[in-house]
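So the structure is just underneath, and the comments pick up after that.
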Amino acid sequence: MMMKRFMIKILLTFSLMPFSAAMANKIVINYDFDAVSPFYQDTAIVVQNKQGIPYVGLINTVGEFILPPQKHIEIKAFNEGLAPIRIDQRWGFIDTSGQIVIPAIFKKLTSFNEGLAAVLEEDKWGFINTKGEWVISPRFDKADIFQEGKAAVKQYGSWGFIDEQGRWVVQAKFRDTKRFSGGLAAVKTNDGWGYVDTQGHMMITPKYDTVYSFNEQRALVSNNQSWRFISQDGTLLNDKEYEHAQPFSEGKAVVMHNGKYGYIDIQGNELVSPVYDNAWSYRDGLARVEKAGKVGYLDATGKLVIEPQYKWGQSFQEGLAAVTLDYWDYGYINQRGELVIPPQYDDAKPFNNGLAPVKHEGKWGYVSFD
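Per my numbering, residue 1 is the first one in the sequence shown, and the count goes up by one each step.
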């Protein structure tokens with residue numbers, strides 16, 4: 001009897017939520033999978049377990065197999081039209097039609113970025129193009145992806161940067177590096193972390209314990225577990241020190257003071273006072289916040305536009321966010337807080353290319369919203 005009253009209470013709570021008059025969701029791919037990825041260019045990675053063995057394949061947006069599920073393979077996320085695939089302990093690449101375009105002959109590799117992928121042949125890293133041709137011969141001990149035309153590589157125990165022809169643009173002399181962003185890259189010396197430009201000039205003196213790459217012309221840096229933001233010339237954004245912070249997103253950053261979370265704007269001014277128990281970066285113009293165990297959402301001005309009421313809620317993507325009142329039944333709300341897909345799923349993930357992975361009775365499928 002208690003369980004019955006509890007379920008009635010949950011249903012009544014959902015019935016009091018604002019509903020959209022334009023509910024139009026449908027399952028477009030049945031619950032047939034044990035794991036799924038978001039769609040990329042009308043292709044998704046799916047897994048079906050058979051007698052405890054994962055079979056991995058690709059499907060299109062109507063659920064048809066592009067690549068039938070196979071055992072003993074692994075497929076990573078697509079990027080620039082290609083996805084890494086592991087076959088018999090070696091890696092290659094497939095395209096969105098499921099065709100192997102670069103044979104699985106490499107020990108390790110990265111995804112393609114800016115037209116190149118780092119690959120490990122025997123014991124050295126080099127770079128290939130999307131045809132599988134060597135562009136930069138394998139001669140590095142470690143290698144990262146290209147970003148802003150530069151890739152971090154390690155040789156003879158130190159890190160530096162090369163260009164797309166394999167020429168050194170920042171000599172290998174650093175203990176560690178991060179990727180270029182906004183024309184600057186974080187580098188680590190014996191004195192700490194600083195930042196260099198694309199010619200290798202030290203633009204911000206190494207003195208920090210921990211740093212992030214620049215994002216929206218701001219970088220998050222830390223000394224003695226105290227976090228601050230700097231501009232690209234190395235000046236402090238404001239005079240505040242934070243216990244925790246997140247990089248800027250959509251012109252706002254999450255900051256923590258006295259155990260509570262709030263937001264600052266791109267100039268370093270306080271946008272939202274630190275009153276929340278948890279907070280997440282802005283996405284799709286809204287930010288997810290938590291107070292007293294309930295999740296709600298702020299608009300771009302910092303105004304609370306969807307009251308904290310959910311046991312859990314995801315950040316918005318493509319105008320929708322998955323939410324739940326009880327951890328058992330997930331539905332989706334729009335940016336006005338209206339319930340547009342009723343709570344009915346055991347789990348739910350963000351929409352991507354018009355489709356969202358949803359779980360029911362232990363299996364995953366996809367739902368659309370029109």
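C-beta: ideal position from N, C-alpha, C; glycine also.
Exposed or buried, which one is D176 when buried takes at least 16 other CB atoms within 10 Å?
Label assigned to D176: exposed.
Give the C-beta separation of D346 and E361 to the nearest angstrom, bearing in mind that I take them to be a contact with Cβ-Cβ under 8 Å.
Indeed, because the Cβ distance is near 7 Å, the residues count as touching under 8 Å.
Who are the Cβ neighbours of N352 in its own chain at under 6 Å, not counting the five residues just before and after it?
Hits under 6 Å: P38 and F39.
If distances are taken between C-alpha atoms only, which option among D233, P206 and E216 comes closest to S222?
Measuring from the Cα of S222, the nearest candidate turns out to be P206.
Below 8 Å, can you find three or more Cβ-Cβ pairs linking the segment 164–176 to the segment 144–155?
Contact between the segment 164–176 and the segment 144–155 is present, because at least three Cβ pairs lie under 8 Å.
Could I get the ranges of all uninterrupted beta strand (DSSP E) runs contained in the segment 195–282, with 3 residues as the minimum, in chain order?
Within the segment 195–282, the complete beta strand (DSSP E) segments at least 3 residues long are 202–208, 218–223, 226–231, 252–257, 260–265 and 270–276, listed from N- to C-terminus.
Please list, in chain order, all residues of the same chain as A322 whose beta carbon is under 6 Å from its beta carbon, the five residues on each side excluded.
Only Q314, Y330, Y332 and A348 meet the Cβ criterion.
Using the C-alpha atoms, what's the distance from N190 back to P350?
For P350 and N190, the gap between their C-alpha atoms comes out near 42 Å.
Tell me the DSSP secondary structure of V169 in three-state form.
DSSP places V169 in the strand class (E or B) of the three-state scheme.
Apply the 10 Å Cβ neighbour rule to I85 and answer buried if 16 or more other Cβ atoms are within range, or exposed otherwise.
With 16 or more other Cβ atoms within 10 Å, it is buried.
By the 10 Å Cβ neighbour count, where 16 or more other Cβ atoms means buried, how is E178 classified, buried or exposed?
Reading off the sequence shown, one finds Lys at residue 178, where the question assumed Glu. That one is buried.
Measure the C-alpha to C-alpha separation of S368 and V340 and round it to an integer number of angstroms.
S368 and V340 have their C-alpha atoms some 11 Å from each other.
For A21, which residues in the same chain have their Cβ closer than 6 Å to its Cβ, ignoring the five residues on either side in sequence?
Annotation note: pLDDT 42 at A21 (below 50); position unreliable, coordinate value reported separately. In the same chain as A21, and ignoring 5 residues on each side of it, no C-beta atom comes closer than 6 Å to its own.
Cut-off 6 Å between Cβ atoms - residues of its own chain near M256, not counting five sequence neighbours on either side
Around M256: Y242, E243 and H244.
Determine the burial state of K252: buried for a count of at least 16 other Cβ atoms within 10 Å of its Cβ, exposed for fewer.
Buried: at least 16 other Cβ atoms inside 10 Å.
Which value, in whole angstroms, describes the spacing of the CA atoms of G285 and L304?
Distance from the CA of G285 to the CA of L304, rounded to the nearest whole angstrom, comes to 12 Å.
Would you mind sorting L184 into buried or exposed? The rule is 16 or more other CB atoms within 10 Å of its CB.
Counting Cβ neighbours within 10 Å, L184 comes out buried, since at least 16 surround it.
At what residue ranges does the segment 28–85 contain a whole run of the beta strand (DSSP E), taking only runs of 3 or more?
Qualifying beta strand (DSSP E) stretches, in chain order: 44–50, 53–59, 65–71 and 73–75.
Using a 10 Å radius around the Cβ and a threshold of 16 neighbouring Cβ atoms, would you call R218 buried or exposed?
Buried is the call here.
Identify which residue in Q267, G259 and F248 has its Cα closest to the Cα of A287.
When the alpha-carbon of A287 is set against those of Q267, G259 and F248, the nearest one is in F248.
Excluding the 5 residues flanking I162 on each side, which residues of the same chain have their C-beta closer than 8 Å to its C-beta?
Closer than 8 Å at Cβ, skipping near neighbours: I136, K150, A151, V153, W168 and V169.
Assign R139 to one of two classes, buried (16 or more other C-beta atoms within 10 Å of its C-beta) or exposed (fewer than that).
A residue is called buried once 16 or more other Cβ atoms fall within 10 Å of its Cβ, and R139, having fewer, is exposed.
CB I59 to CB V46, shorter than 8 Å?
Yes; because the gap between Cβ atoms is below 8 Å, this pair is in contact.
Do K71 and Y55 have their C-beta atoms closer together than 8 Å?
Contact: yes.
Between Y263 and V272, which are expected to be in contact by the criterion C-beta below 8 Å, what is the C-beta distance as a whole number of angstroms?
Right, their Cβ atoms sit about 4 Å apart.
Where does R228 land, buried or exposed, given buried means 16+ other C-beta within 10 angstroms?
So R228 ends up on the buried side.
Compute the Euclidean distance between the alpha carbons of P357 and G63, then round it to the nearest angstrom.
If you take the alpha carbons of P357 and G63, they lie about 12 Å apart.
Around the Cβ of A292, are there at least 16 other Cβ atoms within 10 angstroms (buried) or fewer (exposed)?
By the Cβ neighbour-count rule, A292 is exposed, with fewer than 16 other Cβ atoms within 10 Å of its own.
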